[in-house]
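Chemist: Pasting in a structure now, in structure tokens, and then I'll have a few things to ask.
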Amino acid sequence: MNDKVFFRIALTISIVVFILVVLLNRRLLNPPAEFPDFIYHLPKLHATINGICSILLLLSLRAIRSGKIQLHKKLNITTFTLSAVFLISYVIYHFFVPETSYGGEGTLRFVYYFILITHIILAASVLPLILLSFWYALNDNFIKHRKIVRYTFPIWLYVTITGVLVYLLIQPYYTF
Numbered sequence: 642m643n644d645k646v647f648f649r650i651a652l653t654i655s656i657v658v659f660i661l662v663v664l665l666n667r668r669l670l671n672p673p674a675e676f677p678d679f680i681y682h683l684p685k686l687h688a689t690i691n692g693i694c695s696i697l698l699l700l701s702l703r704a705i706r707s708g709k710i711q712l713h714k715k716l717n718i719t720t721f722t723l724s725a726v727f728l729i730s731y732v733i734y735h736f737f738v739p740e741t742s743y744g745g746e747g748t749l750r751f752v753y754y755f756i757l758i759t760h761i762i763l764a765a766s767v768l769p770l771i772l773l774s775f776w777y778a779l780n781d782n783f784i785k786h787r788k789i790v791r792y793t794f795p796i797w798l799y800v801t802i803t804g805v806l807v808y809l810l811i812q813p814y815y816t817f
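This is how it looks when you write it as structure tokens:
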């Protein structure tokens with residue numbers, strides 16, 4: 642498989658995930674009337690996974706700057722795996738639970754929505770970058786890997802950090 646084919650695959654995966662999230666958030670799919678109790682714990686799990694991913698991304702940067710390539714690979718594979726678990730869990734959560742409205746006022750409300758909107762936009766755009774970053778690294782194309790990671794890393798880090806912030810800000814308004 643060449644880069645062009647993989648780019649199309651990465652883009653297709655990203656678009657499908659984006660459409661699925663939009664469908665869930667717009668309630669175009671009917672959720673079941675009852676849902677399992679574990680669903681209530683997922684927002685905290687999501688924040689925890691995002692926090693761990695933030696730390697792992699920073700450790701990965703430190704590892705590669707120190708020349709510890711194998712550690713860098715392991716940290717990124719772990720981060721990627723946790724992010725995949727997060728994404729699956731996020732989709733499950735939003736299938737069952739209606740959207741929570743933010744109840745804060747004033748400046749904090751503006752801050753929350755700014756963080757939320759930038760988080761959503763960048764979360765939607767980072768998936769193809771992550772997939773391409775992994776593709777180039779796994780195929781030993783480190784020139785392209787380094788070029789794309791200049792964008793992937795800060796966006797992915799921002800998304801994981803703001804994921805935690807969104808949880809901390811919305812958490813008091815959950816109705817469960």
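According to the working numbering, the sequence shown is numbered sequentially starting from 642. By construction, the Cβ of each residue, glycine as well, lies at the ideal position given by its N, Cα and C atoms.
Exposed or buried, which one is Y754 when buried takes at least 16 other CB atoms within 10 Å?
Modeler: Along the sequence shown, read from residue 1 onward, the residue named residue 754 stands at position 113. With fewer than 16 other Cβ atoms within 10 Å, it is exposed.
Chemist: Am I right that L665 and F736 are in contact with their C-beta atoms under 8 Å? What's the rounded C-beta distance?
Modeler: In the sequence shown, the residue the question calls residue 665 occupies position 24. In the sequence shown, the residue the question calls residue 736 occupies position 95. So it is a contact: roughly 6 Å between Cβ atoms.
Chemist: With DSSP collapsed to three states, give me the class of V662.
Modeler: As a first step, residue 662 is located in the sequence shown; it is residue number 21 there, counting from the start. Residue state, collapsed to three classes: helix.
Chemist: Quick one: Cα of L772 to Cα of V790, how far?
Modeler: Residue 772 sits at position 131 when you count from the first residue of the sequence shown. Residue 790 sits at position 149 when you count from the first residue of the sequence shown. One C-alpha to the other measures close to 11 Å.
Chemist: Quick check on DSSP: helix, strand or coil for S707?
Modeler: On the sequence shown, residue 707 is found 66 positions in, with the first residue counted as 1. Reduced to three states, the DSSP call for S707 is coil.
Chemist: Specify the secondary structure class of A674 as computed by DSSP and reduced to three states.
Modeler: Taking the first residue of the sequence shown as 1, we reach residue 674 at position 33. If DSSP states are grouped into helix, strand and coil, A674 belongs with coil.
Chemist: Assuming P769 is part of the alpha helix (DSSP H), what are its boundary residues?
Modeler: Taking the first residue of the sequence shown as position 1, residue 769 is located at position 128. Here the alpha helix (DSSP H) through P769 covers G747 to L779.
Chemist: Among S701, A778, T793 and P739, which has the Cα closest to the Cα of N671?
Modeler: Position 30 of the sequence shown, counted from the first residue, corresponds to residue 671. That would be P739, whose Cα lies nearest to the Cα of N671.
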